[in-house]
Amino acid sequence: MAGSTTRSPVVADDNRDATISDDGKIVAFASTRNQFGVGTILVGPGNSDGNPEIFLVNVSNPTLTFIQVTNTTDKFTNGFLTNPVFNENPSLSGNGSVLAFVSNANLAGANDDGGGVGNAEIYVANFNGTAVSGLRQVTKTKDGAANPSPTVSPNASPAPTPIPDTTTTANIFSRGRRLSRDGNFIAFESLANDPKGNATNGSFYVSFVYDVSRDSFAQLGPRALSAPGDVLHVPTFTDYDAALKPASVVFSSALNFKSDGTFPTIDQDSTGLNPIRASQVFLAPLPVISTGPFTRLTSIPSGSVFVGLRALPSNSRNRMAFSIPATELGGGNPDGSSEVYYHLSPTITTESTATLSLFTGASQLPVPVTSPTPTPSASPTPSPSPSPSPSPSVSPSPSPYVPTGLAPGELALAKASISLAPASATVADSNASESKRAPALPIELNGVSVSINGAACGLFAVSSSQIRFVVPKGLATGTYSIVINNNGTVIRGVIAIVSAQPDIFTSTNGPGGRAKVCNVSNPNTPSTTCIGEPFNLTTDDGSGNQVATILRLFLTGVRGISAMNVTIGTIAIVPTQNVADDLPGTDKVDFTLPSTVDTGDQPIVVSIGLASSRTTATDPPHITINAPPPTPTPTPTPSPISNPDAFVRQQYLDFLNREPDASGLAFWTNQITSCGSDQQCINAQRVNVSAAFFLSTEFQQTGYLVYRTYKAAYGNISTSIPVPIRFSEFLPDTQQIGQGVIVGQTGWEQMLESNKQNFMTAFVQRARFTSAFPMTLSAPQFVDALYTNAGLTPNAAPNHAKAITEFNSTTPSDPAARARALRDVAEDAMLAQQEFNR
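In the numbering used here, the protein residues as written are 1 to 838.
So this is what it looks like as structure tokens:
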């Protein structure tokens, strides 16, 4: 409740600690309320004194009936509150038939220590959907901790003589699922040496698992022997079978113990599961025994804060979530906030000895990777810590230049001598975002995952031959293991993570080719439009003024780097800014062309210290800088079409809105150069090549489809302009449909289909379209209007009936149906032939 000038704000905490059954029908919660709203029924004595009580509700009943489980009263002495009573943290079994919670009330006649004043004990009860039965007390303990002598070492034996206190609560029953889904196991923490003995306590908390059916306790892991003790353990269950019976229990600990649950001696400290003593998540099988075996699931680095991880596992240990503050786990946490993490532990069935190869992701520069040297480790899935060559420290560049490693946030490529995935899968750029989703990319595709130093890599694509991934952006420089898991088959390697490794995106996705560079001198240019080469030394900035040209270079491997050089030909240029792109693995560097820059077709290289993109010795990409016109009398320059390469490249740009791929450029250029010096043959072949681009599948399904879509939507612009679309509309829409599509490359059909669907869905929701086609139109009216605009008789068109049936299972205003119908009209063979014959 908001505060005012006369009243402080109040935080509503009357209904809390809610938990729900697997099917969502049973809800348990703690509440200080006496009523739950108009139309509800409360079964029980009520809660007029406002104590926190436990309630159950079966939400599948037509009338919400709240079942009051507890009815307790605070204890007063001489009018003063001496023992506030609480009931908290309910936990339900999977079907809601078993309930566990913590209370300091004497609910079953056995919590009467200290003159009738009880301490926090754990209770369990049964629920059949309408009534509670069988309420019984699980623990019987006394408050107070035995404090060890401050001079005792962590591995002291025997344990110190305790100096007891009487105030520290004996049992901790944390919020969340502490009751197994089958209702048979309860996990909690206690100071008690025997949680049912009402006797002595230890110095520090340790976890216990209670077997409900056997009425027995088992200690989970070792208890700390000296200050500061251990973190909260927050135990819970996982590895469930079909009957909802758990096979394992997970818990947090910062202690260094061995897999058999014993502490190593000081000289054998490295044989423990957690020698760095950071908060980790551990796992033990059920039923719990003192010798485990215990398994460490996480690899939290040292230096983390002394706080437990609240693990939230799925039905198996393979997938788990947890939160932790002030920790960098590779995903980027520079401010040290408390963050939520997703932990993937894929099953390992085979350790492969296959050869792993790594490359930068933009132009495929080979990156050194070595085989790991296995070292003994108590962890079941050890992260090897070899000392390989190369060292992550930068050494003088060889000739030709070879990268020493990959940089945080860099796009990379992995290949191997065995299959890397059972089938191909690709994430479209439109589905990857640093700002709109977390993680920015999937960390698993078709059962394939990649990790570096335990940090998950975002995946763009997997196939049998290669994996395209992004290096975790929060990794520090160093030498780390890289692990690829293909549905249980693991390939391991060791790589260096360096501060920067620039790599320029190219038209060939490899050596040579054209660099991806755009002219951004005019701030009014749409962000989706790239004004490519050739570049002039000056450009109109949109106001009529000629300014020094500003270019934007697309690359990877320079995330967060400010000091670098961009060299064009022989001239080094210092960029004005490094812009972090929202697309993972992509960086953008802006720089201004100096008047002294080398002109013509020039190599472009980015260098940061001794790290470099492709150098002259490794076939760098090129860009073309136009020379300034000579003064005073300019010399006429030959027409660009006289150069076969330039002519073919222009066809790619005009028709397909992309740079040519190497094989395509060579093929079409040869169609012209094969004429030799026969000018008549050359002229004819230019016409034939241009016609081939017009008739190509790629143009027919992109640019020509956009043309016909506008024709169906709006008809011709006017009688004096007998075409349906302007260039300013044609270019960005064609680029949208053609984004990432190269006919002949793997997955191009799926990419094209996805782009078409996205384009049509967005097109019908534009303001111009919804104004031209109001939502009040019926399906036949909508379709007939499209055909009329297209210049066709509706009933004579082949796709007419199909377009109307798109609305059979929905309303005429449904954007998805409108998009499908518009596409049916735009792809109608009669419309395509009509426009082709013009």
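Note that CB positions come from ideal geometry on N, CA and C, so glycine has one too.
Keep in mind that this is a model prediction, so the values were computed, not measured.
Assigned secondary structure, residue i (DSSP; H/G/I helix, E/B strand, else coil)
i	result
Pro603	strand
Leu831	helix
Pro380	Summary for Pro380: the model assigns pLDDT 41, below 50, so the residue's position carries little reliability, and this model does not support an answer.
Ile737	helix
Ile804	helix
Val250	strand
Gln757	helix
Met320	strand
Asn565	strand
Glu865	Since the first residue of the chain shown is 1 and the last is 838, residue 865 is not available in this structure.
Leu283	strand
Pro313	strand
Asn15	strand
Thr375	Residue confidence for Thr375 is low, a pLDDT of 47 falling below 50, so the modelled location carries little weight and cannot support an answer.
Ser395	Note that Ser395 has pLDDT 44, beneath the 50 cutoff, so the model's placement of it is unreliable and no number is given.
Phe460	strand
Lys258	coil
Ala821	helix
Leu81	strand
Asn795	helix
Sub-9 Å separation of residue i and residue j beta-carbons
i	j	result
Tyr240	Ser316	yes
Gln410	Val471	This sequence places Glu at residue 410; Gln is not what is there. Against a cut-off of 9 Å, the Cβ pair of Val471 and Glu410 comes out as a contact.
Leu840	Ala496	Because the chain spans 1 through 838 in this model, residue 840 falls outside it and cannot be assessed.
Thr506	Ala354	no
Gly261	Ser279	no
Pro620	Ile504	yes
Ile561	Ile608	yes
Leu413	Val427	no
Pro526	Thr624	no
Val250	Pro235	yes
Gly738	Leu656	yes
Ile452	Val402	no
Candidates the options, of which the one nearest residue i by Cα
i	options	result
Asn318	Ser302, Pro325, Gly331 and Leu344	Leu344
Val281	Asn789, Asn256, Leu365 and Asp269	Asn256
Ile186	Lys140, Phe237 and Phe359	Phe237
Pro812	Pro780, Met830 and His800	Pro780
Ala829	Gln700, Ser612, Pro502 and Ile467	Gln700
Leu358	Ser728, Ala816, Thr77 and Phe469	Phe469
Arg136	Asp143, Asn126 and Arg649	Asn126
Phe693	Val723, Arg708 and Arg658	Arg658
Tyr210	Asn683, Gln219 and Gly202	Gln219
Thr72	Gln765, Thr761, Phe322 and Asn104	Asn104
Ser302	Ala326, Ser314 and Ala311	Ala326
Ser481	Thr734, Ser299, Asp269 and Val250	Ser299
Pro228	Pro246, Ala247, Lys196 and Arg277	Arg277
Val310	Ser338, Val288 and Ile289	The question names Val, but residue 310 in the sequence shown is Arg. The shortest Cα separation from Arg310 among Ser338, Val288 and Ile289 belongs to Ser338.
Val448	Ala455, Gly454 and Leu459	Leu459
Pro628	Gln651, Val498, Thr539 and Thr615	Thr539
Val138	Asn128, Gly129 and Leu107	Leu107
Beta bridge counterpart(s) of residue i as assigned by DSSP
i	result
Ser103	Asn87 and Glu121
Gln895	Absent from the structure is residue 895, since the part of the chain shown begins at 1 and ends at 838.
Tyr480	Ile495
Cys518	Arg552
Lys196	DSSP output for Lys196 lists no bridge partner at all.
Phe188	Phe208
Phe66	Leu42 and Val57
Ile625	Phe535 and Gly600
With three or more C-beta pairs closer than 8 Å as the rule, is the stretch 462-469 touching the stretch 416-427? Taking 8 Å as the limit for Cβ pairs, the verdict is that the stretch 462-469 does touch the stretch 416-427.
Practice prompt. Count the CB pairs spanning the stretch 479-490 and the stretch 595-602 that are closer than 8 Å, and state whether there are at least three.
Written response: Counting C-beta pairs with one atom in each stretch, the stretch 479-490 and the stretch 595-602 have fewer than three that are closer than 8 Å, which means they do not touch.
**Study point:** Three or more C-beta pairs below 8 Å linking the stretch 77-97 and the stretch 14-27
**Key:** Proximity of the stretch 77-97 to the stretch 14-27 meets the contact definition, three or more beta-carbon pairs being nearer than 8 Å.
| Is there contact between the stretch 579-598 and the stretch 553-566, where contact requires at least three CB pairs shorter than 8 Å? | As far as the Cβ criterion goes, the stretch 579-598 touches the stretch 553-566, which means the pair count is three or higher.
(request) Kindly confirm or deny that the stretch 190-206 and the stretch 28-35 touch, where touching means at least three C-beta pairs closer than 8 Å. (result) The stretch 190-206 vs the stretch 28-35: no contact.
Below 8 Å, how does it come out for the stretch 198-216 and the stretch 263-278: are there three or more Cβ pairs, yes or no? Between the stretch 198-216 and the stretch 263-278, the count of C-beta pairs closer than 8 Å stays below three; the two stretches do not touch.
contact_flag[the stretch 649-666, the stretch 505-520] where n(CB pairs < 8 Å) is 3 or more | Taking 8 Å as the limit for Cβ pairs, the verdict is that the stretch 505-520 does touch the stretch 649-666.
| Can at least three beta-carbon pairs, one atom from the stretch 97-104 and one from the stretch 177-186, be found at a separation below 8 Å? | Contact between the stretch 97-104 and the stretch 177-186 is present, because at least three Cβ pairs lie under 8 Å.
- Does the stretch 700-715 come close enough to the stretch 824-838 to have 3 or more Cβ pairs within less than 8 Å? Yes, the stretch 700-715 touches the stretch 824-838.
- Hey, is the stretch 169-177 in contact with the stretch 139-147, meaning 3+ C-beta pairs nearer than 8 Å? Yes: at least three Cβ pairs fall under 8 Å.
With three or more beta-carbon pairs closer than 8 Å as the criterion, would you say the stretch 717-731 touches the stretch 683-697? With a cut-off of 8 Å, the stretch 683-697 and the stretch 717-731 do not count as touching, because too few Cβ pairs lie within range.
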